[in-house]
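For the sequence shown, this note's numbering gives the first residue as 28, with consecutive numbering after it. A virtual CB, placed ideally from N, CA and C, is assigned to each residue, including glycine. Worksheet: the structure to be examined is printed underneath.
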Amino acid sequence: MKCKRCKRDIPDNSAYCNWCGAYQLKKIADEVTVPKPIQMPSGNWRIQLRRENISVVRGTPDACRKEAIRQRKLWLQDEADGKHAPPPAIVTLDDVISSYIKSRESTRSASTVDRYESIRKNRFKNYMNQDVNTLDTQQMIDDEIDSGVSAKTVRNSWGLCSSSLRYAKVPFDTPCLPRIIRAERPWLDYNQIMTFISAIRDSDYELQALLALHSLRRSEIYGLHPGDYDKQKQIIHVRGALLQTNTHGWVYTELNKNDTSRRDVPIIIDRLAELLNAIDLDAEYIIGRSRNNFYRAINRICRKADLPEVGVHGLRHSFASLAYHLGWKKLSTQQIGGWKNSKILDEIYTHNADLEDDLNRMREYFRE
28 MKCKRCKRDI PDNSAYCNWC GAYQLKKIAD EVTVPKPIQM PSGNWRIQLR RENISVVRGT
88 PDACRKEAIR QRKLWLQDEA DGKHAPPPAI VTLDDVISSY IKSRESTRSA STVDRYESIR
148 KNRFKNYMNQ DVNTLDTQQM IDDEIDSGVS AKTVRNSWGL CSSSLRYAKV PFDTPCLPRI
208 IRAERPWLDY NQIMTFISAI RDSDYELQAL LALHSLRRSE IYGLHPGDYD KQKQIIHVRG
268 ALLQTNTHGW VYTELNKNDT SRRDVPIIID RLAELLNAID LDAEYIIGRS RNNFYRAINR
328 ICRKADLPEV GVHGLRHSFA SLAYHLGWKK LSTQQIGGWK NSKILDEIYT HNADLEDDLN
388 RMREYFRE
C-alpha cells in the first residue's frame, strides 16, 4: 500500500507511515457518520458539522450528506496528521523563575528568596514574558549591560535565570558574561584596630562594632538573643540570623549563611564582655532596633579617626588581619570566623605576609 500523504510504499495494513509518520485513514465514505440533513425554509437541505464548525447546504438531502461526509473525511485526515492539535502553551521566563523560586522557598533563607523575587521583578524586563524556547540569552545579557546594570548584578541575575531554566529542563545557549572588576574591601590592620576601639568607645554602636571585630556578620549580630551569650564561659553562641527583606521586613532565621557559620566565638576583647554583662536579659535581641544606621555610623567614626572606611564587613575582615599578626593558625581563624573556605583568609593572610616581607627586604636594601 502507499502512504496517503507522501505516497511512498509502506507495509500493508500499516496504521502509520514509517517514512513521514502520517496516520493511514482507512475509513470509507459509508463508514463516516454525519447528522441527518434538515430541510430549511428555503427548500435547501443543511447538515451542521459542529466538530468541524462547518454548515453544509445543498439542494437535495443526498447531495448534502455526500458533501458533509467529504468534509468530515478531510477533517479526520487532518486530525490524523496532527493539524488540529492545539498549539503548545507558551512558557515564559517569568513562569520558570517563579516555579524555581517556589521550589526553593523551604530551603533558602528569607533574604535569598527576597533577592530572587527582586531579580524576577527588576531584571531582564523585556524578556520575562517571552517564550523560554525562543530566548536569545546573549542579547539578554547585552541589553542589561547596555542599560547600565553592574557586571556583578548581571552575573547574579543570570545565575538565577540559568538555574531556573535547568530546573525546568529547558535547553539554552550559555552567554558570555561580563567580567567583574572586583572592588577592594578595606580592613583595619593591627595598629588601626586599637585606634578604632578607642574611637568607638561609649558610642551608640560600640557593642555592634566589637561583635563585628569578633568576626560576626551583621545579620548574626542582629540575630543574637541574650541567651546566646554564655557569661560563665565567656562565649557567644552564633546560632541564627536576623535578615531585612523588602517583602517581609525583618525576618529571623535559624539558617546561617552556611553550616560553618553556626559556631562558638570566645570573647577576646574585655570591653565586649563588660557590655554584654549589662544587656537586658528579658529583651528579644541583644541589639536594639537602630540597625539601618550601623554601616554609616562605622564609616563616620572611621573618617573622624582618620581610618579607612571599612564598614561592618570590613571589621569582620579586620579580625582575620589581627589573627594573622598575632600568629594564629589559619584553621583556628577560619573556625572562629565561620568562613566556609579559606579563600578570604588566603587573600588577607597573603596580602599581609607579602607586604611585610617586601617592606622588610626593601628596608634591608637601604640599610646596606
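query                                                                                                                                                       : result
Counting pairs of beta carbons, one from the stretch 97 to 106 and one from the stretch 128 to 146, are three or more of them closer than 8 Å?              : no
Rounded to whole angstroms, what is the Cα-Cα separation between residue 321 and residue 314?                                                               : 11 Å
Quick check on DSSP: helix, strand or coil for residue 43?                                                                                                  : strand
Who are the Cβ neighbours of residue 432 in its own chain at under 8 Å, not counting the five residues just before and after it?                            : Residue 432 lies beyond the range of the chain shown here (28 to 395); nothing can be said about it.
How would you label residue 161, buried or exposed, when you count the other beta carbons within 10 angstroms and need 16 or more for buried?               : exposed
Relative to the alpha-carbon of residue 301, which residue among 247, 350 and 228 has its alpha-carbon at the smallest distance?                            : 228
In whole angstroms, what is the alpha-carbon distance linking residue 306 and residue 139?                                                                  : 31 Å
Inspect the beta-carbon positions of residue 123 and residue 159 and report whether they are closer than 7 Å.                                               : yes
By Cβ distance below 7 Å, which residues in the same chain neighbour residue 55 in space, the five residues on each side in sequence not counted?           : Residue placement at residue 55 is poorly supported in this model, since its pLDDT is 42, which falls under 50; the coordinates still yield a value, given next. So no residue of the chain qualifies.
Looking only at DSSP bridge pairs, what is residue 36 linked to?                                                                                            : 29
At what residues does the alpha helix (DSSP H) containing residue 235 begin and finish?                                                                     : 233 to 240
With 16 other CB atoms within 10 Å as the buried threshold, where does residue 219 fall?                                                                    : buried
Would you mind sorting residue 57 into buried or exposed? The rule is 16 or more other CB atoms within 10 Å of its CB.                                      : For residue 57, the predicted model reports a pLDDT of 49, less than 50, meaning its position is unreliable; a value from the coordinates is still stated below. With fewer than 16 other Cβ atoms within 10 Å, it is exposed.
Figure out for me which residue from 85, 31 and 216 has the closest Cα to the Cα of residue 100.                                                            : 31
Who are the near neighbours of residue 293 in its chain, counting only those whose CB is closer than 6 Å to its CB and skipping five residues on each side? : 262
Determine the contact status of residue 358 and residue 296, defining contact as a CB-CB distance below 7 Å.                                                : no
For residue 263, which three-state DSSP category applies?                                                                                                   : strand
Can you grab the Cα-Cα spacing for the pair residue 135 / residue 252, in whole Å?                                                                          : 22 Å
For the alpha helix (DSSP H) containing residue 180, name the first residue and the last one.                                                               : 178 to 194
Which of the three DSSP states, helix, strand or coil, is assigned to residue 163?                                                                          : coil
I'd like the list of long-range same chain contacts for residue 246, defined as Cβ closer than 7 Å, with 5 residues on each side in sequence excluded.      : 268, 269 and 270
Going by DSSP in three states, residue 302 sits in which element: helix, strand or coil?                                                                    : helix
For residue 308, count the other beta carbons within 10 Å of its own beta carbon; 16 or more makes it buried, fewer makes it exposed. Which is it?          : exposed
What is the rounded straight-line gap between the Cα of residue 81 and the Cα of residue 97?                                                                : 12 Å
If you draw a straight line from the alpha carbon of residue 176 to that of residue 201, how long is it in whole angstroms?                                 : 19 Å
Only counting the same chain, and skipping five residues up and downstream in sequence, which positions put a Cβ closer than 8 Å to that of residue 190?    : 127
Name the DSSP beta bridge partners of residue 270, please?                                                                                                  : 278
Buried or exposed: where does residue 244 fall if 16 or more other Cβ atoms within 10 Å of its Cβ makes it buried?                                          : buried
For residue 293, list the residues DSSP reports as bridge partners.                                                                                         : 262
Throw me the rounded Cβ distance for the residue 375 and residue 351 pair, which I believe falls under 8 Å.                                                 : 7 Å
What is the DSSP secondary structure of residue 215, counted as helix, strand or coil?                                                                      : coil
Using alpha carbons as the reference points, say which of 242, 184 and 79 lies closest to residue 110.                                                      : 79
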